[in-house]
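Visitor: From first to last, the protein sequence lines are chains D and A.
Every letter in the first sequence is one number past the one before it in my numbering, and letter 260, counting from 1, is 260.
Every letter in the second sequence is one number past the one before it in my numbering, and letter 152, counting from 1, is 472.
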Amino acid sequence: MLLEALTLSAGHNAAVVVLGTAAFGLAAGAVGAFALLRGRVLIADAAAHAALPGVVGAFLVALLFGWNPRGSPVLLAGAALAAAGGVLAIQALATGGRLKDDAAMAVVLSVGFGLGMVLLSVVQRLPIGGQAGLKGFILGQAAGMLAGDAVAAGALALCALLLLGLLYRPLALLCFDADFAATLGLPVRGLDLALHALTLAVVVVGLGAVGALMVVGLMVIPAATARLVSSRLAPMIVLSALFAAASAWVGAALSAARAGLPTGATIVLVASALFAAALLFAPRRGLVAAALRRAERWKKTKTPGGVAEPPAGGSERSRR
Amino acid sequence: MRGLAPQPLEPALAVRDLTVAYGGEPVLRAVTWQVPAGALAAVIGPNGAGKSTLLKAVLGLVPAVSGEVRVFGSPFAAVRRRVAYLPQRASVDWDFPLTALQVAAQGRYRSVGWFRPLPARERQRALAALAEVGLADLAHRHIGALSGGQQQRVLLARALALEADLLLMDEPFAGVDAASEAAILAVLKRLAGLGRTVIAVHHDLSTAPGTFSEVLLLNGRVIAAGPMATTFTAEAIAKTYGAPVPLGLVAA
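1. For the alpha helix (DSSP H) that Glu-555 of chain A lies in, which residues bound it at each end?
2. Using the Cα positions of Pro-53 of chain D and Leu-37 of chain D, report the straight-line distance between them to the nearest angstrom.
3. Kindly list the residues whose CB is nearer than 8 Å to the CB of Arg-302 of chain A, restricted to its own chain and excluding five residues on each side of it in sequence; keep chain order.
4. For Asp-490 of chain A, list the residues DSSP reports as bridge partners.
5. Taking C-alpha atoms, which residue in D:Thr-263, D:Ala-259, D:Leu-195 and D:Val-238 lies nearest to Trp-249 of chain D?
6. For Gly-368 of chain A and Gly-495 of chain A, I'd like the C-alpha separation in whole angstroms.
7. Establish whether the CB of Thr-225 of chain D and some CB of chain A are separated by less than 8 Å.
8. Is Ala-362 of chain A helix, strand or coil when you go by DSSP?
9. Helix or strand or just coil, what does DSSP make of Thr-339 of chain A?
10. Tell me where the beta strand (DSSP E) around Trp-67 of chain D begins and ends.
11. At 4 residues or longer, and completely inside the stretch 61-124 of chain D: list those alpha helix (DSSP H) runs for me, N to C.
12. Compare the C-beta of Met-236 of chain D with all C-beta atoms of chain A and state if any pair is closer than 8 Å.
13. By DSSP, does Arg-390 of chain A sit in helix, in strand, or in coil?
14. Is DSSP giving Trp-353 of chain A helix, strand or coil here?
15. What did DSSP end up calling Gly-546 of chain A once you bin it into helix, strand or coil?
16. Leaving out five residues on either side along the sequence, give the residues of the same chain with a beta carbon under 7 Å from the beta carbon of Ala-30 of chain D.
17. For Trp-298 of chain D, does the count of other Cβ atoms within 10 angstroms reach 16, so buried, or fall short, so exposed?
18. Hey, does Phe-435 of chain A have any beta-carbon neighbour from chain D nearer than 8 Å?
19. Using only the alpha-carbon positions, how far apart do Ala-465 of chain A and Ala-558 of chain A sit?
20. With DSSP collapsed to three states, give me the class of Val-403 of chain A.
21. May I ask you to list the residues that DSSP assigns as paired with Glu-291 of chain A?
22. Would you say the beta carbon of Asp-485 of chain A is closer than 7 Å to some non-hydrogen atom of the ligand GTP?
23. Tell me whether Val-535 of chain A sits in a helix, a strand or coil according to DSSP, three-state version.
24. Looking at the unbroken alpha helix (DSSP H) that takes in Glu-330 of chain A, where does it start and where does it end?
25. Output yes if chain D places a C-beta closer than 8 Å to the C-beta of Ser-431 of chain A; else output no.
26. Per DSSP, what are the beta-bridge partners of Glu-345 of chain A in this structure?
27. Could one say the Cβ of Ser-318 of chain D lies closer than 8 Å to chain A's Cβ atoms, at least one of them?
28. Alpha carbon to alpha carbon, what distance is there between Asp-192 of chain D and Gly-144 of chain D?
29. When you compare each of D:His-49, D:Ala-23, D:Arg-293 and D:Ala-245 to Met-105 of chain D by their alpha carbons, which one comes out closest?
30. Using the C-alpha atoms, what's the distance from Phe-275 of chain D back to Thr-183 of chain D?
31. Going by DSSP, what residue range makes up the alpha helix (DSSP H) through Trp-434 of chain A?
32. Between which residues of its own chain and Leu-537 of chain A is the CB-CB distance below 8 Å, once the five residues before and five after are set aside?
33. Per DSSP, what kind of secondary structure is Val-443 of chain A in: helix, strand or coil?
34. Alpha carbon to alpha carbon, what distance is there between Ala-334 of chain A and Asp-497 of chain A?
35. Considering only residues of the stretch 232-311 of chain D, which uninterrupted alpha helix (DSSP H) runs meet the minimum length of 4 residues and lie entirely inside it, listed in chain order?
36. For the stretch 369-401 of chain A, enumerate the residues whose C-beta is nearer than 7 Å to any C-beta of chain D, in chain order.
Set out below in structure tokens:
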């Protein structure tokens, strides 16, 4: 069953789920790499949590107007509005030095999630149908994915990759040295806005498949894995996208093969298995490579007359 | 004979009555300073004197409350192509996945355009900038594997690659070893020889007179400004730091 799900031969719906989630992973990994380098991953987490009440609220509004509450465009719109509201709230709280950035994010994250859970419990008691699926927005339930959702995920991946490809150099310079970028005349605020918009798009599209609690994991963990494996920017971004897509593919297949496995949680565990492997075995930054280097140095100091080579840069070496 | 008199050159930088505040608290008060074109100018003062803020205000990175900044007689935005900025080394993430050459090449993007690959000729120019600071051999090394002084020189190479007429440097000598200091000093002298203008935030009182031709002594406001030889007096320095500072000592 797992093999069939992995190879897309476990039926049409399972194939849609696996392909759609993998396409989403591609976008999450690529955007996540830039968010990581810009130091903005916590914003993604806060936005995802803040999106939850938007989803439940949209469900209620849809009921009120007699629309199909399972229609995902309505829920996506609610999620997008609430997530954007969350980001604006963070900025409002953090400007003027009222709260530090991380505190502002923690406030928005917990208030958003709390509001979402309370609304969810209210909706759960209503004498209507269809609300059971809402729980999937917390930990992810890709099995509920429709063909339309998969297409949306694919379209997001395509748009995100195109935009990142086009803005590759300005965004890279923004992440590395924003002040220098500004002196060259780059629109630093506009670029940050574009990066935020991409992050929000990933969060909102990923909410259904991967879940509010897990979506940030699929943005950060593959990016961190890629950074362990590569010290070059372009390979790191490509690898991050591929690691995330592979994790999403395998995780979605696993959860399709075993009913009841939450998709987002499974995907994040697969991604973290890759991370652990890179942490151990990455060519230069891995723990094994570091241990081997230490052993080599130790052997040299033990050799009579041998002098241990100082590390690159010697005593003047700066913080890493 | 009027026609034969040399036209006075437009000053490279002219700041008039510049006031900058962070959150209501003024950091710079009514700063007025002119730097003639072709000068090597040092901005000197204690920590928190507003030295970095002055550079950032000139570059439009922090807004001014009031006052006027002219670069070669024009607003900065109109002549930004003639200006290069070298930020403080600590303001950059040195774990970022880039090589020394890739950082130096950032100084070529503006001329090349942001959306096409770097032509081989431009890559050569970035490499030449690295060679100027003595780092040609380390071009393909990850920036995190460089020493502090080498990292400082990579930022200098990027500023050189911009081929600017005015270079604003925030502590180019901070935390560098003797080899890097000599390399950076040589570049400054060469820039002066080419008629370029350099304005650098500087901390080392003992090396300042031998390196720079102009000086601004700053502590929130202008304490003294002008040619190094007549301005950099023990009295003015003591006034800047609020206490007598022996010239032989390095101010941290």
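All C-beta atoms in this analysis are idealised placements derived from N, C-alpha and C, irrespective of residue type, glycine included.
Treat the numbers as computed from the prediction; the structure is a model and nothing was measured.
Guide: Put simply:
1. The count along the second sequence starts at 1 and reaches residue 555 of chain A at position 235. Unbroken alpha helix (DSSP H) run through Glu-555 of chain A: 554-561.
2. Locating residue 53 of chain D in the first sequence gives position 53, counting from the first residue. Locating residue 37 of chain D in the first sequence gives position 37, counting from the first residue. Taking the straight line joining both Cα atoms gives about 29 Å.
3. Summary: the structure shown does not reach residue 302 of chain A, with chain A confined to residues 321 through 572, and so no result is reported for it.
4. The residue given as residue 490 of chain A occupies position 170 in the second sequence. Its beta-bridge partners are A:Val-521.
5. Translated into the one-based positions of the first sequence, residue 249 of chain D becomes position 249. Trp-249 of chain D has its Cα closest to that of D:Thr-263, out of D:Thr-263, D:Ala-259, D:Leu-195 and D:Val-238.
6. Counted from its first residue, the second sequence places residue 368 of chain A at position 48. Counted from its first residue, the second sequence places residue 495 of chain A at position 175. The straight-line gap from Cα to Cα measures roughly 18 Å.
7. In the first sequence, residue 225 of chain D corresponds to position 225, counting from 1. Chain A, which has no Cβ nearer than 8 Å to the Cβ of Thr-225 of chain D, makes this no.
8. Position 42 of the second sequence, counting from 1, holds the residue named residue 362 of chain A. It is a strand residue.
9. Stepping through the second sequence from its first residue, residue 339 of chain A is reached at position 19. Here Thr-339 of chain A sits in strand by DSSP.
10. Taking the first sequence and counting its residues from 1, the one referred to as residue 67 of chain D is at position 67. Here Trp-67 of chain D belongs to no beta strand (DSSP E), and DSSP marks it neither H nor E.
11. 72-94
12. Working through the first sequence from its first residue, we reach residue 236 of chain D at position 236. By this cut-off, Met-236 of chain D is an interface position.
13. Within the second sequence, numbered from 1, the residue matching residue 390 of chain A stands at position 70. Arg-390 of chain A: strand per DSSP, three-state reduction.
14. Numbered from 1 along the second sequence, position 33 holds the residue referred to as residue 353 of chain A. In this structure, Trp-353 of chain A counts as strand in the three-state DSSP scheme.
15. As a position in the second sequence, residue 546 of chain A is number 226, starting the count at 1. Here Gly-546 of chain A sits in strand by DSSP.
16. Here residue 30 of chain D refers to the residue found at position 30 of the first sequence. Result list for Ala-30 of chain D: Ala-160, Leu-161, Leu-164, Ile-237, Ser-240 and Ala-241, in chain order.
17. Position 298 of the first sequence holds residue 298 of chain D. So Trp-298 of chain D counts as exposed.
18. Reading the second sequence from its first residue, position 115 is the one you call residue 435 of chain A. Phe-435 of chain A counts as touching chain D.
19. For the purposes of this step, residue 465 of chain A is taken as the residue at position 145 of the second sequence. For the purposes of this step, residue 558 of chain A is taken as the residue at position 238 of the second sequence. Rounded to the nearest angstrom, the two C-alpha atoms are 40 Å apart.
20. Position 83 of the second sequence holds residue 403 of chain A. The answer is strand: DSSP assigns Val-403 of chain A an E or B state.
21. The requested residue 291 of chain A does not occur in the structure, where chain A is confined to residues 321 to 572.
22. For the structure depicted, the ligand GTP is absent and the ligand set is empty, with no information on it obtainable.
23. For the purposes of this step, residue 535 of chain A is taken as the residue at position 215 of the second sequence. Note: Val-535 of chain A maps to strand in three-state DSSP.
24. Start at 1 with the first residue of the second sequence, and residue 330 of chain A comes out as number 10. Per DSSP, Glu-330 of chain A belongs to no alpha helix (DSSP H) and is neither H nor E.
25. Translated into positions along the second sequence, residue 431 of chain A becomes position 111. Taking Cβ atoms only, chain D never reaches closer than 8 Å to Ser-431 of chain A, which makes this a no.
26. As a position in the second sequence, residue 345 of chain A is number 25, starting the count at 1. Partner(s): A:Tyr-342.
27. Sequence index remark: in the first sequence, residue 318 of chain D carries index 318 (1-based). Confidence in Ser-318 of chain D is poor, its pLDDT being 42 and thus under 50, which makes the residue's placement unreliable; the coordinate value appears in the next sentence. Yes, Ser-318 of chain D lies at the interface with chain A (some Cβ there is under 8 Å from its Cβ).
28. Locating residue 144 of chain D in the first sequence gives position 144, counting from the first residue. Locating residue 192 of chain D in the first sequence gives position 192, counting from the first residue. So the alpha carbons of these two residues sit roughly 33 Å apart.
29. Indexing the first sequence from 1 puts residue 105 of chain D at position 105. Residue D:His-49 is the option with its Cα nearest to Met-105 of chain D.
30. Within the first sequence, the letter at position 183 stands for residue 183 of chain D. Within the first sequence, the letter at position 275 stands for residue 275 of chain D. For Thr-183 of chain D and Phe-275 of chain D, the distance between alpha carbons rounds to 37 Å.
31. Numbered from 1 along the second sequence, position 114 holds the residue referred to as residue 434 of chain A. Where Trp-434 of chain A is concerned, there is no enclosing alpha helix (DSSP H), given that its DSSP letter is neither H nor E.
32. Here residue 537 of chain A refers to the residue found at position 217 of the second sequence. Cβ within range, chain order: Ile-364, Gly-365, Ile-543, Ala-544, Ala-545, Thr-551, Phe-552, Ala-556, Ile-557, Lys-559 and Thr-560.
33. As a first step, residue 443 of chain A must be located in the second sequence, where it is residue number 123. The question names Val, but residue 443 of chain A in the sequence shown is Arg. Arg-443 of chain A falls in the helix class under three-state DSSP.
34. Position 177 of the second sequence, counting from 1, holds the residue named residue 497 of chain A. Position 14 of the second sequence, counting from 1, holds the residue named residue 334 of chain A. Distance between the alpha carbons of Asp-497 of chain A and Ala-334 of chain A is about 33 Å.
35. 233-257, 263-281 and 287-302
36. Leu-379, Leu-381 and Arg-400
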